[in-house]
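Numbering (my numbering), first residue to last: 1033 to 1274.
C-beta atoms are modelled at their ideal positions from N, C-alpha and C, and glycine is treated no differently.
Here the structure is a predicted model, which is why all the values come from computation and not from measurement.
Read the structure below first, then the notes.
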Ligand SMILES: Nc1ncnc2c1ncn2[C@@H]1O[C@H](COP(=O)(O)OP(=O)(O)O)[C@@H](O)[C@H]1O
Ligand SMILES: [Mg+2]
């Protein structure tokens, strides 16, 4: 152990902080999906390779990030969700600490691509291996945001060692997506693993009928029928019919 006290580099601070946010690909997916929901999206597409260990891309059709703020979005303690102490008393978003994107970028190769509805072109920024955020470049992307990351924990072999098999990591990630799908029937969700479509649910209304339709898509009629034995059947549910 060195006995001289010194201030850690920004990159090392980020890698240490990443430990709190990034445990495995599923926790990255959760943070990115929450960002998409906070951006008022109506659709989220998630593409995964090797359980998210090799690649994870989350694309939404939300409000987007202006080119001039892409670098800020990847900077620690930078957020659009709170400005003053009073805001902390009335949080309505999933995130507000401005930690997720910089933490994820500190332990993967990350590119952020975005186009707000008010702009007619998309821009992307990539975080270099040294942790520096490169200058924005023009990109092709519809209105919304994609976070595209490769090689999770490529620079932290000790953390990488704790990742489980591709199937186990993907099972965790799929569970995160399914939970969001259950909680938010108003959002269309698509999940692909190794190019194969694993989950594809259209947006339904955010009412009883929408919940019933989403439950049916995710869990099937049998679940819906049994569930309705115990609870009030949602309007539009045909559980009593057959
Ligand atoms: N999918 C997205 N769409 C639009 N803006 C986003 C998206 N993801 C991140 N951002 C912007 O980047 C900022 C930083 O994101 P993050 O590091 O997750 O911190 P937090 O969510 O706590 O604010 C957010 O406050 C938001 O302004
Ligand atoms: Mg966030």
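Taking the C-beta atoms as reference points, residue 1201 is found no nearer than 8 Å to residue 1078. Minimum Cα-Cα distance from residue 1169 among the listed residues 1051, 1092, 1177, 1157 corresponds to 1157. In this structure the region 1164 to 1184 lies against the region 1046 to 1060, because at least three pairs of beta carbons, one per stretch, are closer than 8 Å. Residue 1052 has its Cβ no nearer than 7 Å to any heavy atom of ligand 2. In this structure, DSSP gives residue 1070 a helical state, which the three-state scheme calls helix. In this structure, the straight-line span from the alpha carbon of residue 1248 to that of residue 1206 is close to 17 Å. The region 1211 to 1230 makes no contact with the region 1169 to 1180, as fewer than three CB pairs between them are under 8 Å.
Residue 1224 sits close to residue 1080, with the two beta carbons spaced by under 8 Å.
Taking 7 Å as the cut-off, the C-beta of residue 1132 counts as close to a heavy atom of ligand 2. It is roughly 35 Å from the alpha-carbon of residue 1133 to the alpha-carbon of residue 1252. In this structure, residue 1067 has its CB closer than 7 Å to one or more heavy atoms of ligand 1.
Within a 10 Å sphere around the beta-carbon of residue 1258 sit fewer than 16 other beta-carbons, which makes this residue exposed. By a beta-carbon distance limit of 8 Å, residue 1120 contacts residue 1114. Their separation comes to about 6 Å. The beta carbon of residue 1039 sits closer than 8 Å to no other beta carbon from its chain once the five residues preceding and following it are set aside.
Here residue 1149 is exposed. Its C-beta has fewer than 16 other C-beta atoms within 10 Å. Under the DSSP assignment, residue 1220 falls in the beta strand (DSSP E) whose first and last residues are 1220 to 1225. Going by beta carbons, residue 1075 and residue 1220 fall inside the 8 Å limit.
Nearest C-alpha to residue 1082 among 1099, 1056, 1067: 1056. The alpha carbon of residue 1112 has as its nearest neighbour, out of 1254, 1071, 1160, 1194, the alpha carbon of 1071. According to the DSSP assignment, residue 1045 belongs to no beta strand (DSSP E) but to the alpha helix (DSSP H) extending over 1042 to 1053.
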